[in-house]
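**Student:** The structure under discussion is supplied below as structure tokens; questions concerning it will follow.
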Amino acid sequence: MASKDLIEASNDLLRRLNPKNTTENLNSLISLFRNDPTLTEDLLSDTDQPLLVARDSENREYLLCDWNRDGDSYRSPWTNKYTPELEDGTYPSDALRNREIAANQAFDVYRELYYDRGVSSVYLWNQENNDFAGVVLFKKSVGDGAESKGTWDSIHVFEAKAVPGKAKFSYKLTSTVILNMVSSGETIGEMDLSGNMTRQSGGIFDVYAADLDSDREQDRERVDADHIANIGKLVEDLELDMRNLLQEVYFGKAKDVVANLRSVQSLSQANRDRLVHQEMISSMSKR
Numbered sequence: 004m005a006s007k008d009l010i011e012a013s014n015d016l017l018r019r020l021n022p023k024n025t026t027e028n029l030n031s032l033i034s035l036f037r038n039d040p041t042l043t044e045d046l047l048s049d050t051d052q053p054l055l056v057a058r059d060s061e062n063r064e065y066l067l068c069d070w071n072r073d074g075d076s077y078r079s080p081w082t083n084k085y086t087p088e089l090e091d092g093t094y095p096s097d098a099l100r101n102r103e104i105a106a107n108q109a110f111d112v113y114r115e116l117y118y119d120r121g122v123s124s125v126y127l128w129n130q131e132n133n134d135f136a137g138v139v140l141f142k143k144s145v146g147d148g149a150e151s152k153g154t155w156d157s158i159h160v161f162e163a164k165a166v167p168g169k170a171k172f173s174y175k176l177t178s179t180v181i182l183n184m185v186s187s188g189e190t191i192g193e194m195d196l197s198g199n200m201t202r203q204s205g206g207i208f209d210v211y212a213a214d215l216d217s218d219r220e221q222d223r224e225r226v227d228a229d230h231i232a233n234i235g236k237l238v239e240d241l242e243l244d245m246r247n248l249l250q251e252v253y254f255g256k257a258k259d260v261v262a263n264l265r266s267v268q269s270l271s272q273a274n275r276d277r278l279v280h281q282e283m284i285s286s287m288s289k290r
């Protein structure tokens, strides 16, 4: 089987398994492809896994993902250092690193507003000319070790490309939310609700001096501020839409299923209500 077919088959299998066990299932697949490093790298880059939390040399929490990984080491967005240390690790340019620092500070405020607690990380990397790409990550866990617990992982990957001849940038955003909720107790027994959702968005926004390669610090700060505001708006809007969709799909559908299994009111009352409803429809249609 060709490598492309193996990747497609692996991704299809992972989509059908419990998202809570994605990391374990992915490691099992990788063990089958251990003689093909390229296939392993492709599978790792194509698969969204629940985010892991680590601490850097300054004891600051940050999130691990494929976008801040180089070999077996991970780069902290706060210290810009790899753990374990690397002599020839991949780093953003100095200008993009300054934008990365500002983005981490801004999205840390976003995390505080929308998540209250949890961990956020932003990683950027260079592309051609003034173009760049990056990922915005959020993770929050609640009730660890209690009867009810849950985790929320948001992964927002984006590309920013300059529009030729204009002070504008085109942004493309792909967002994935991985949700896992577990509850156990004598009253309801055990419940495991896990899933993920991926959506895309984008737009063209103004960026100050987008077509200039200015060396002035004030100009660079204004460009960075515009980029962060534009990306933040896309992330905020799409994440809110996905949160509402997850609520509708998970809880709305669960409510409908339970209602069909066991009625809250007596069946006789339900039948009477249904007859009254039918009589009202009939009388309205005769007018």
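Read left to right, the sequence shown gives residues 4 to 290 (my numbering). Virtual Cβ for every residue (Gly too), placed ideally from N, Cα, C.
Quick check on residue 28: buried or exposed, where buried means 16 or more other Cβ atoms within 10 Å of its Cβ?
**Tutor:** The residue in question, residue 28, is buried, as its Cβ has 16 or more Cβ neighbours within 10 Å.
**Student:** Please give the ranges of any beta strand (DSSP E) in the region 122-168, keeping only runs that are unbroken, at least 3 residues long and fully inside the region.
**Tutor:** Listed in chain order, they are 122-129, 135-145, 151-165.
**Student:** Would you check if the distance between the CB atom of residue 119 and the CB atom of residue 140 is smaller than 9 Å?
**Tutor:** Their beta carbons are not under 9 Å apart, which means residue 119 does not touch residue 140 by this criterion.
**Student:** At 4 residues or longer, and completely inside the region 30-89: list those alpha helix (DSSP H) runs for me, N to C.
**Tutor:** Complete alpha helix (DSSP H) runs here, min 4: 40-49.
**Student:** For the region 224-244 against the region 195-206, do three or more pairs of beta-carbon atoms, one drawn from each stretch, fall closer than 8 Å, so that the two count as touching?
**Tutor:** A contact exists between the region 224-244 and the region 195-206.
**Student:** Nearest-angstrom Cα distance between residue 152 and residue 220?
**Tutor:** Roughly 46 Å separates the two Cα atoms.
**Student:** Measure the beta-carbon distance from residue 23 to residue 144 and round it to whole angstroms, keeping in mind my assumption that it falls under 8 Å.
**Tutor:** Going by Cβ atoms, the distance from residue 23 to residue 144 rounds to 13 Å, so no, they are not a contact pair.
**Student:** Keeping to the same chain, check which residues put their C-beta closer than 8 Å to that of residue 59; ignore five residues upstream and five downstream.
**Tutor:** Within the same chain, residue 59 has close Cβ partners 65, 79, 81, 82, 84, 86.
**Student:** Judging by CA-CA distance, which residue of 223, 249, 179 is the nearest neighbour of residue 102?
**Tutor:** Nearest of 223, 249, 179 to residue 102, Cα basis: 223.
**Student:** How many Å lie between residue 135 and residue 193 at the Cα?
**Tutor:** Going by the C-alpha atoms only, they are around 45 Å apart.
**Student:** Residue 243 by DSSP, collapsed to three states: which one?
**Tutor:** Residue 243 falls in the helix class under three-state DSSP.
**Student:** Hey, out of 8, 274, 208, 137, whose CA is closest to residue 71's CA?
**Tutor:** Ranking the options by Cα distance to residue 71, first place goes to 137.
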